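Asker: Structure provided below as structure tokens; questions to follow.
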Amino acid sequence: MVPLGGRATPFVRIRNDARESFERSVREHPWVNDIRRLETHGDEALYTLDWEPSEASLLRTILDLDAALLSATGGAETWGLELRFPTHEALSAFKDHYLEADIDVSIERIYNPTRPDASPWYGLTPPQRETLTAAVESGYYSLPRQISTQELADSFDISDQAATERLRRGILTLVQNTLLVEERDE
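If you count the sequence shown from 1, you need to add 24 to reach our numbering.
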């Protein structure tokens with residue numbers, strides 16, 4: 025799902041020889057106004073849909089809760105969805121919806137990758153993120169090390185000590201906001 029023009033636009037990738045039956049089924053579906061094949065590569069085709077899900081549908085509930093549909097894989101009997109909810113309240117509302125609608129759902133995993141107050145990039149400041157990324161990409165953490173702390177610092181026009189502090193504080197922040205989150209929450 026990609027937000028385009030204020031609406032969630034689904035992009036669907038179909039594999040194998042199911043393209044014709046997919047196109048036919050989608051064209052006949054009452055929610056779909058239009059289907060366009062954007063690209064074909066080997067045995068895959070990428071489509072976009074102009075659609076409006078019904079008020080009673082699970083997809084409408086997902087959209088109304090501002091959830092993001094990250095992936096959907098399925099067939100005639102079962103679907104697997106990966107969803108991202110903006111809040112715990114939205115997740116609870118979604119759960120209540122499918123329980124009330126008697127939809128058979130099993131939740132495999134609930135994952136919160138960071139503290140809610142950590143901000144984007146797991147709480148890293150832009151300089152910490154930039155320095156850690158450059159360090160990894162240039163081989164600072166490789167064995168043997170491919171770049172020295174001084175060379176890394178020089179690439180940012182900062183002192184060796186400043187580069188070391190950015191790395192140290194960045195690693196500390198990442199660990200606190202990812203690996204130690206559950207421990208702190210308990």
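All C-beta atoms, glycine included, are put in the ideal place defined by N, C-alpha and C. Since this is a predicted model, take the numbers as computed values, not measurements.
1) So for V50, helix, strand or coil by DSSP?
2) Measuring only the C-alpha atoms, how far is R169 from G163?
3) Cα separation between S45 and E132?
4) Whole angstroms is fine: what's the gap from A177's alpha carbon to Q200's?
5) Tell me, please, whether the stretch 72 to 91 touches the stretch 107 to 115 by the rule of three or more beta-carbon pairs shorter than 8 Å.
6) Can you give the beta carbon distance from P151 to R190, rounded, assuming they're within the 8 Å contact cut?
7) In the stretch 82 to 146, which residue ranges form an unbroken alpha helix (DSSP H) of at least 4 residues, counting only runs that do not cross its ends?
8) So, is R192 buried or exposed, given that buried needs 16 or more other C-beta atoms within 10 angstroms?
9) Here's a check: name, in chain order, each residue in its chain whose Cβ is nearer than 7 Å to the Cβ of G98, leaving out the five neighbours to either side.
10) In this structure, how does DSSP classify Q187 when only helix, strand and coil are distinguished?
11) Between T72 and L82, is the Cβ-Cβ spacing less than 8 Å?
12) Can I38 and E76 be called in contact, C-beta distance under 8 Å?
13) CB S95 to CB E106, shorter than 8 Å?
14) Is Y165 closer than 8 Å to A158 when the C-beta atoms are compared?
Answerer: On the basis of the data shown:
1) helix
2) 6 Å
3) 30 Å
4) If you draw a straight line from the Cα of A177 to the Cα of Q200, it comes to about 25 Å.
5) yes
6) 6 Å
7) 82 to 88 and 112 to 124
8) exposed
9) G104
10) Here residue 187 turns out to be Ala, not Gln, going by the sequence shown. Residue state, collapsed to three classes: helix.
11) Going by beta carbons, T72 and L82 fall outside the 8 Å limit.
12) No; because the gap between Cβ atoms is not below 8 Å, this pair is not in contact.
13) yes
14) By the CB criterion at 8 Å, A158 and Y165 fall outside the cutoff.
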